[in-house]
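Q: Just passing along the structure, written as structure tokens.
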Amino acid sequence: METEPLLQSGEQEIMFLILEMHRLLLAGVQFLFDLRIVLLGNRAAGKTSLANLITGHAEPHLKRTAQCVKMHGDFSGRQVTVVDTPGWWKNYLVKETPEFQKQEILLSVAHCPPGPHAVLLIIRVDALFKEKHRRSVQEHLELLSERVWNHTIVVFTYRDQLQEQTLGNEGKALQWLVEKCGNRYHVLNNENWNDDSQVKDLLEKIEKMVAQNRGHYYEIDLKTLKEVKQKRKAVERKAKARAKKQRQMRKMDSTMTGKILVLHNLIP
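Going left to right, the sequence shown walks through residues 1 to 268 as full-length UniProt numbering numbers them.
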């Protein structure tokens with residue numbers, strides 16, 4: 001004789017959510033139903049892969065992100081918004097990074113209004129991290145002001161590529177970075193990409209950080225944001241004007257070529 005489950009699937013999900021919220025409250029952490037995250041880091045650090053992992057999308061294509069991309073997903077009762085950003089070259093200081101890319105970093109926080117709960121700084125733990133790399137990270141993050149460090153967690157990717165190596169072996173540059181983020185970091189094993197506990201632990205660390213920040217999220221200075229948007233519009237206007245001029249030049253060249261051919265055919 002078959003017996004019906006005491007709780008239907010929908011009821012089970014609600015009960016699980018209630019128990020999860022209760023567990024976090026006992027730990028002094030508030031469960032966030034709406035979670036906003038911005039991902040920053042150099043190229044090939046694994047930002048897009050992490051964005052897909054958090055939002056539950058399929059494993060991403062290999063194209064690099066040229067502009068900010070906003071993604072949405074559900075995870076354990078949370079509505080999660082993730083903004084993936086274009087990565088800078090690992091050896092580049094801010095002065096060497098193209099202006100458009102710096103603007104994308106500044107505008108990233110405007111893609112998840114009123115502001116992100118967390119900025120996740122993605123670092124490949126299997127790659128060398130020297131003083132020049134630390135300076136590059138610091139300069140690019142501080143485009144968002146010094147305040148951004150209070151809302152930042154370092155996420156180390158490709159932990160599976162290390163062989164008996166610990167974070168402490170990476171030297172002063174990496175230790176400085178972790179300490180600058182209040183010793184907040186998370187390590188991802190890319191071989192266990194389907195392990196939901198990796199994301200669950202990361203989101204709980206974000207919620208703990210938000211609790212430490214008394215519920216505050218990162219807010220960009222409105223004046224700075226306005227200036228960046230104005231610069232972006234000016235660049236776009238110039239680009240459109242150049243494109244229009246190029247089309248006109250091609251049209252003139254085509255017309256002149258046609259006239260020359262006609263004259264050539266008329267000459268006996």
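Ideal Cβ placement from N, Cα and C applies to all residues, glycine included.
(1) State yes or no: is the C-beta of L188 within less than 8 Å of the C-beta of Q198?
(2) Looking at the ligand SAH, does it come within less than 7 Å of R232, judged from the CB to the closest heavy atom?
(3) What does a CB cutoff of less than 7 Å around L93 pick up in its chain, not counting 5 residues either side in sequence?
(4) Where does the unbroken alpha helix (DSSP H) through Q103 begin, and where does it stop?
(5) On the CB-based measure, 16 or more other CB atoms within 10 Å of its CB, does M252 come out buried or exposed?
(6) Could you check what DSSP says for V125 in three-state terms: helix, strand or coil?
(7) Since D221 and S145 are thought to touch, with beta carbons under 8 Å apart, how far apart are those beta carbons, to the nearest angstrom?
(8) Based on the DSSP output, what are the partners of K226 in its beta bridges?
(9) With 16 other CB atoms within 10 Å as the buried threshold, where does H151 fall?
(10) With C-beta atoms as the reference, is L40 less than 8 Å away from T85?
(11) In whole angstroms, give me the CA-to-CA distance for R250 and R237.
(12) Evaluate residue 311 with the Cβ neighbour count: other Cβ atoms within 10 Å of its Cβ, from every protein chain shown; 16 or more gives buried, anything less gives exposed.
(13) To which residues does DSSP link F33 through a beta bridge?
(14) Can you give me the C-alpha to C-alpha distance between K240 and K132, rounded to a whole angstrom?
(15) Around the C-beta of E227, are 16 or more other C-beta atoms found within 10 angstroms, so that it is buried, or is it exposed?
(16) Here's the rule I'm using: 16 or more other beta-carbon atoms within 10 Å means buried, otherwise exposed. How should L120 be labelled?
(17) Going by alpha carbons, who is nearest to N52 out of Q246, W193, W89?
A: On the basis of the supplied data:
(1) Here the question's residue 188 lines up with position 188 in the sequence shown. Here the question's residue 198 lines up with position 198 in the sequence shown. Contact flag set, yes.
(2) The ligand SAH is not part of this structure, which contains no ligands at all.
(3) Residue 93 sits at position 93 when you count from the first residue of the sequence shown. Cβ contact annotation for L93 (same chain, cutoff 7 Å, sequence separation greater than five): R135, S136, E139, in chain order.
(4) Against the sequence shown, residue 103 aligns to sequence position 103. First-last of the alpha helix (DSSP H) with Q103: 99–108.
(5) Translated into the one-based positions of the sequence shown, residue 252 becomes position 252. By the C-beta density criterion, M252 is exposed, having fewer than 16 other C-beta atoms within 10 angstroms.
(6) Taking the sequence shown and counting its residues from 1, one reaches residue 125 at position 125. When secondary structure is reduced to three states using DSSP, V125 falls in the coil class, being assigned neither helix nor strand.
(7) In the sequence shown, counting from the first residue as 1, residue 221 sits at position 221. In the sequence shown, counting from the first residue as 1, residue 145 sits at position 145. Confirmed, Cβ separation roughly 7 Å.
(8) By one-based count along the sequence shown, residue 226 stands at place 226. Checking the DSSP bridge columns, you'll see K226 has no partner listed.
(9) The count along the sequence shown starts at 1 and reaches residue 151 at position 151. By the neighbour-count criterion, in which 16 or more other beta carbons inside 10 Å mark a residue as buried, H151 falls on the buried side.
(10) Your numbering for residue 40 matches position 40 in the sequence shown. Your numbering for residue 85 matches position 85 in the sequence shown. Yes; because the gap between Cβ atoms is below 8 Å, this pair is in contact.
(11) Residue 250 sits at position 250 when you count from the first residue of the sequence shown. Residue 237 sits at position 237 when you count from the first residue of the sequence shown. Using only the alpha carbons, I get a separation of about 20 Å.
(12) Nothing about residue 311 can be reported from this structure: the residues present for the chain run from 1 to 268 only.
(13) Looking up residue 33 in the sequence shown gives position 33. When beta bridges are read from the DSSP output, F33 appears opposite no residue.
(14) By 1-based counting over the sequence shown, the position of residue 240 is 240. By 1-based counting over the sequence shown, the position of residue 132 is 132. Each residue's Cα considered, the two are about 37 Å apart.
(15) Start at 1 with the first residue of the sequence shown, and residue 227 comes out as number 227. Answer is exposed; the Cβ neighbour count stays below 16.
(16) Residue 120 sits at position 120 when you count from the first residue of the sequence shown. Burial call: buried.
(17) Stepping through the sequence shown from its first residue, residue 52 is reached at position 52. Of the candidates Q246, W193, W89, the one whose C-alpha sits nearest the C-alpha of N52 is W193.
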